[in-house]
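Here the structure comes first, spelled out in structure tokens, and everything after it is commentary.
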Amino acid sequence: MGNSSFTESEISKFKEVSYKLGKNPSLVQAAGGNTSIKSDKSMLIKASGTWLINSLNKDIFVEVNLPSINQKISNEHDDSFEEDIISKNNLRPSLETSFHALINYKYVLHVHSTATIANAISSDSKNELEKQINEDFIFVPYYRPGFTLTMGIKKLIKPEIKIFILENHGLIVAGDDIEETYNLLLNIHNKLDKTRNNKFTNLEVTEGLEIDNYRLKNSEKYRLFMSPDENLYSLFSKSFYPDHVIFLGPGIPTFVEKIKLKNLLVI
8 MGNSSFTESE
18 ISKFKEVSYK
28 LGKNPSLVQA
38 AGGNTSIKSD
48 KSMLIKASGT
58 WLINSLNKDI
68 FVEVNLPSIN
78 QKISNEHDDS
88 FEEDIISKNN
98 LRPSLETSFH
108 ALINYKYVLH
118 VHSTATIANA
128 ISSDSKNELE
138 KQINEDFIFV
148 PYYRPGFTLT
158 MGIKKLIKPE
168 IKIFILENHG
178 LIVAGDDIEE
188 TYNLLLNIHN
198 KLDKTRNNKF
208 TNLEVTEGLE
218 IDNYRLKNSE
228 KYRLFMSPDE
238 NLYSLFSKSF
248 YPDHVIFLGP
258 GIPTFVEKIK
268 LKNLLVI
């Protein structure tokens, strides 16, 4: 990159981990998630609207002035940080740049882990997560993504804690070694994924819903969407997490009666 703030080896390993996160759809979907690496003077972070899966073949990272951003966080000054851009690639910093700067570790990895979200959307999420993870973590109540979320994290942050569970949002893992940080993230995701999959073994399901041009995965856990439990319909009519709104709109389409649905478009 021609950047003296980071060694070529650091950049190479950072991009490789970013790519591995981006190609795993259970961790990152489309342009979701972001990663960063810090030096004393600057931070390299995924740019807004870019995809982590392109980390190795496209210019998706933007370098920003870390001390300047941290000063703005200290002053609680919300900002797009465009004045803090160092790189010359016409990219804009991620909406979540501020919490990457706030968390004082060299590497910060943020993903929209489906397993984490599935376990962090209930009223008793924090207590349940404590049983499942068996690691020290900070549970962050839901805040709107961006500077508001950063201020929420700032209230709770502890220097020694590397794991953050964001209610209805996702997972942040930080560290000073890129491989250790990546492996810790996978460890948390896999623990929560096993718990999630074990929750759907005794569901009462309804057979016979006919939907033309539609295929449902052949797995018991997905049969939740054919349940006679009417309470599920009111739940599905709401949004569970930020990407839910971006990709699915305000709620998942639901059908109360068993009717034949023609030409349903499922994206």
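In this note's numbering, the protein residues as written are 8 to 274. Beta carbons: idealized from backbone N, C-alpha and C, even for Gly.
- Task: Report back the beta-carbon spacing between Y149 and H119 to the nearest angstrom; my notes put them in contact at under 8 angstroms.
- Result: For this step, residue 149 is matched to residue 142 along the sequence shown. For this step, residue 119 is matched to residue 112 along the sequence shown. Not a contact, Cβ separation roughly 14 angstroms.
- Item | Beta-carbon proximity list for I266, same chain, < 6 angstroms, skipping 5 on both sides | Taking the sequence shown and counting its residues from 1, the one referred to as residue 266 is at position 259. Because the pLDDT of I266 is 49, which lies under 50, any placement of that residue in the model is unreliable, and the number read from its coordinates should be weighed accordingly. So the list is empty, once near-sequence residues are dropped.
- Item | Integer Cβ distance of F21 from I185, believed to fall under 8 angstroms | Against the sequence shown, residue 21 aligns to sequence position 14. Against the sequence shown, residue 185 aligns to sequence position 178. At roughly 6 angstroms, the Cβ-Cβ gap stays under 8 angstroms, so F21 and I185 are in contact.
- Query: When the Cα atoms are used, what is the spatial distance from F88 to L136?
  - Reply: Walking along the sequence shown from the start, residue 88 turns up at place 81. Walking along the sequence shown from the start, residue 136 turns up at place 129. Spanning the two alpha carbons is a distance of roughly 34 angstroms.
- Query: Looking at S55 and the ligand NAD, is the gap between the Cβ and the nearest heavy atom below 8 angstroms?
  - Reply: Only the bare structure without any ligand can be found here, which leaves the ligand NAD out of the picture.
- Message: Suppose only complete runs of 4+ residues qualify. What are the alpha helix (DSSP H) ranges in the region 68 to 132, listed by chain order?
- Response: 73 to 81, 104 to 109 and 121 to 126
- Within its chain, find whatever has a CB closer than 6 angstroms to the CB of G153; leave out the 5 residues flanking it on each side and keep chain order. The sequence position of residue 153 within the sequence shown is 146, counting from 1. Around G153: L102.
- Counted within 10 angstroms of its Cβ, other Cβ atoms place P56 as buried (16 or more) or exposed: Translated into the one-based positions of the sequence shown, residue 56 becomes position 49. The displayed chain sequence assigns Gly, not Pro, to residue 56. The residue in question, G56, is exposed, as its Cβ has fewer than 16 Cβ neighbours within 10 Å.
- Beta-carbon separation (whole angstroms), S49 vs E70, contact threshold 8 angstroms: Along the sequence shown, one-based indexing puts residue 49 at 42. Along the sequence shown, one-based indexing puts residue 70 at 63. Confirmed, Cβ separation roughly 5 angstroms.
- Task: Please state if the CB of K113 and the CB of K45 are separated by a distance shorter than 9 angstroms.
- Result: Indexing the sequence shown from 1 puts residue 45 at position 38. Indexing the sequence shown from 1 puts residue 113 at position 106. Contact: yes.
- Message: If you reduce the DSSP assignment to three classes, tell me which class T298 lands in.
- Response: Absent from the model: residue 298. The displayed extent of the chain is 8 to 274, so no value can be given.
- Message: When you compare the CB positions of D91 and S75, do they come within less than 9 angstroms of one another, or not?
- Response: The count along the sequence shown starts at 1 and reaches residue 91 at position 84. The count along the sequence shown starts at 1 and reaches residue 75 at position 68. Against a cut-off of 9 angstroms, the Cβ pair of S75 and D91 comes out as a contact.
- Message: Tell me which residue opens and which closes the beta strand (DSSP E) that V147 is part of.
- Response: Position 140 of the sequence shown holds residue 147. I145 to V147 is the extent of the beta strand (DSSP E) around V147.
- Task: Determine the DSSP secondary structure at F21, reduced to helix, strand or coil.
- Result: As a first step, residue 21 is located in the sequence shown; it is residue number 14 there, counting from the start. F21 falls in the helix class under three-state DSSP.
- Task: Kindly provide the ranges of any alpha helix (DSSP H) runs that are 4 or more residues long and lie completely inside the region 151 to 201, ordered along the chain.
- Result: 154 to 163
- Message: Less than 9 angstroms between the C-beta atoms of S25 and K53, yes or no?
- Response: For this step, residue 25 is matched to residue 18 along the sequence shown. For this step, residue 53 is matched to residue 46 along the sequence shown. Result yes, Cβ atoms of S25 and K53 sit closer than 9 angstroms.
- Item | Buried versus exposed, by CB contacts within 10 Å (16 or more), D183 | Locating residue 183 in the sequence shown gives position 176, counting from the first residue. When all chains shown are included, D183 counts as exposed.
- Would you give the residue range spanned by the beta strand (DSSP E) that S43 belongs to? For the purposes of this step, residue 43 is taken as residue 36 along the sequence shown, with counting starting at 1. From DSSP, the beta strand (DSSP E) with S43 extends over N41 to K45.
- For A37, the residue or residues it bridges with in DSSP: If you number the sequence shown from 1, residue 37 lands on position 30. Paired residues: none, contrary to the question.
- Query: T14 by DSSP, collapsed to three states: which one?
  - Reply: For the purposes of this step, residue 14 is identified with residue 7 of the sequence shown, where counting begins at 1. It is coil, neither helix nor strand.
- Message: Tell me which residue opens and which closes the beta strand (DSSP E) that I60 is part of.
- Response: Sequence index remark: in the sequence shown, residue 60 carries index 53 (1-based). Counting along the chain, I60 falls outside any beta strand (DSSP E), and DSSP gives it neither H nor E.
- Task: Pick out whichever of I128, N31 and L109 has its Cα sitting closest to the Cα of I160.
- Result: For the purposes of this step, residue 160 is taken as residue 153 along the sequence shown, with counting starting at 1. For the residues I128, N31 and L109, the minimum Cα distance to I160 belongs to L109.
- What residue does the beta strand (DSSP E) around S49 start on, and which one ends it? Here residue 49 corresponds to residue number 42 of the sequence shown, with the count starting at 1. Run containing S49: S49 to K53, per the beta strand (DSSP E) assignment.
- Query: Whose C-alpha, out of E17, K201, L59 and F144, is nearest the C-alpha of E167?
  - Reply: As a first step, residue 167 must be located in the sequence shown, where it is residue number 160. Closest option to E167, Cα to Cα, is F144.
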